[in-house]
Amino acid sequence: MDTVIYLLLTIAYIVLFILGILLAKYHSWINIGNVLLIVILALFYDNGILAFGKYWGEGDLLRALNQTRYWLHALFTPLLVLFAWHTLVNANLQWAKKRIVQWLVIILTLCLIIIELVTVVWGISLEPIWKYGVLSYKNVGNGSPFMIIGVSIMLLITSIIIWWKQKWPWYFVGTLFLGITPMIHLFLKTDALHNISEFLLMLALLATNAFQGRKM
Numbered sequence: 001m002d003t004v005i006y007l008l009l010t011i012a013y014i015v016l017f018i019l020g021i022l023l024a025k026y027h028s029w030i031n032i033g034n035v036l037l038i039v040i041l042a043l044f045y046d047n048g049i050l051a052f053g054k055y056w057g058e059g060d061l062l063r064a065l066n067q068t069r070y071w072l073h074a075l076f077t078p079l080l081v082l083f084a085w086h087t088l089v090n091a092n093l094q095w096a097k098k099r100i101v102q103w104l105v106i107i108l109t110l111c112l113i114i115i116e117l118v119t120v121v122w123g124i125s126l127e128p129i130w131k132y133g134v135l136s137y138k139n140v141g142n143g144s145p146f147m148i149i150g151v152s153i154m155l156l157i158t159s160i161i162i163w164w165k166q167k168w169p170w171y172f173v174g175t176l177f178l179g180i181t182p183m184i185h186l187f188l189k190t191d192a193l194h195n196i197s198e199f200l201l202m203l204a205l206l207a208t209n210a211f212q213g214r215k216m
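Right under this line is the structure:
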């Protein structure tokens, strides 16, 4: 069942990427909000590898493909911090436009990337695992959750501000669903729930980008 879910998510990310391209062409390519396209591509790759892993079988190829998943996660997920800050700029919050705030956001993004690379990716030890019909290679070491926690907090705080400032709740809803996924997971026999919540978050963020684009 999980294989089907990952396949559907892979297709859904293609659709989401096309919508993002159209949105960028309509508004502007020179827009920090377009970092979503990079994150969407990384998630497309992530779900595609999970969907087709069992057809490649265990071996060096699948190990390398899965290792790339961890690299993409480390390099591109922190870019959502830039997106979160940019939503505040689009909401015309003057303090968010200050140069010092811009530099702090850039430094935070770089720090989260470095932390994920140092604590998770470098020296990673991958082992094959079969779960719910999906073959993948997973990290058997003790990875640090610091990066994803930092990104999640940034998204949560800014989504609340955007809800208050622009009366747009969907940014918050997408972020909230990502946060409650671990609790829902206790009642469902699937490993794909987190990936579903990631897609819903990307959908909410893209919708937020479109909404703010109309307001400008």
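Here full-length UniProt numbering is used: position 154 in the sequence shown is 154, and no number is missing along the way. The C-beta atom is built at its ideal place from N, Cα and C for all residues, glycine as well.
Residue i and residue j closer than 9 Å at C-beta
i, j, result
"Ile161", "Ala207", "no"
"Leu72", "Asp46", "yes"
"residue 219", "Leu9", "This structure leaves residue 219 out entirely; the chain is present only between 1 and 216."
"Leu69", "Pro128", "Checking the displayed sequence, the identity of residue 69 turns out to be Arg instead of Leu. No, the Cβ-Cβ distance between Arg69 and Pro128 is not below 9 Å."
"residue 218", "Trp170", "With the chain covering only 1 through 216, there is no way to say anything about residue 218."
"Trp85", "Ile32", "yes"
"Ser159", "Phe172", "yes"
"Met154", "Leu126", "no"
"Ile5", "Asn195", "yes"
"Val120", "Ala74", "yes"
"Thr87", "Ile148", "no"
Residues bridged to residue i (per DSSP)
i, result
"Glu137", "Looking at the sequence provided, one finds Tyr at residue 137 rather than Glu. According to DSSP, which records beta bridges pairwise, Tyr137 is partnered with Pro128."
Range covered by the alpha helix (DSSP H) that runs through residue i
i, result
"Ile100", "Arg99 to Glu116"
"Ser152", "Phe146 to Gln166"
"Thr68", "Asp60 to Phe76"
"Leu50", "Val35 to Trp56"
"Ile5", "Asp2 to Tyr26"
"Val89", "Leu79 to Asn90"
Sequence-distant residues of its chain with Cβ nearer than 6 Å to residue i (five each side left out)
i, result
"Asn150", "Position check: residue 150 holds Gly in this sequence, whereas Asn was assumed. Closer than 6 Å at Cβ, skipping near neighbours: Leu112."
Beta carbon proximity, residue i to chain B, threshold 9 Å
i, result
"Val105", "Judged by its chain identifiers, the structure shown contains no chain B, having just a single protein chain."
Residues of its chain near residue i, where Cβ-Cβ distance is below 7 Å and the 5 sequence neighbours each way are ignored
i, result
"Lys98", "none"
"Asn34", "Ala24"
"Ile40", "Tyr13, Leu16, Phe17, Gly20 and Met202"
"Asp2", "Tyr132, Gly133, Val134, Thr190, Asp191 and Ala192"
"Leu50", "Tyr6, Val134 and Ser136"
"residue 217", "The chain is shown from 1 up to 216; residue 217 falls before or after that span and cannot be answered."
"Trp122", "none"
"Ile124", "Gln67, Tyr70, Asn139 and Gly141"
Cβ neighbours of residue i in the same chain (closer than 8 Å, five flanking residues each side left out)
i, result
"Leu200", "Gly174, Phe177 and Leu178"
Just checking, does the segment 137-148 make contact with the segment 163-173 on the three C-beta pairs under 8 Å criterion? Contact between the segment 137-148 and the segment 163-173 is absent: fewer than three C-beta pairs spanning the two stretches fall below 8 Å.
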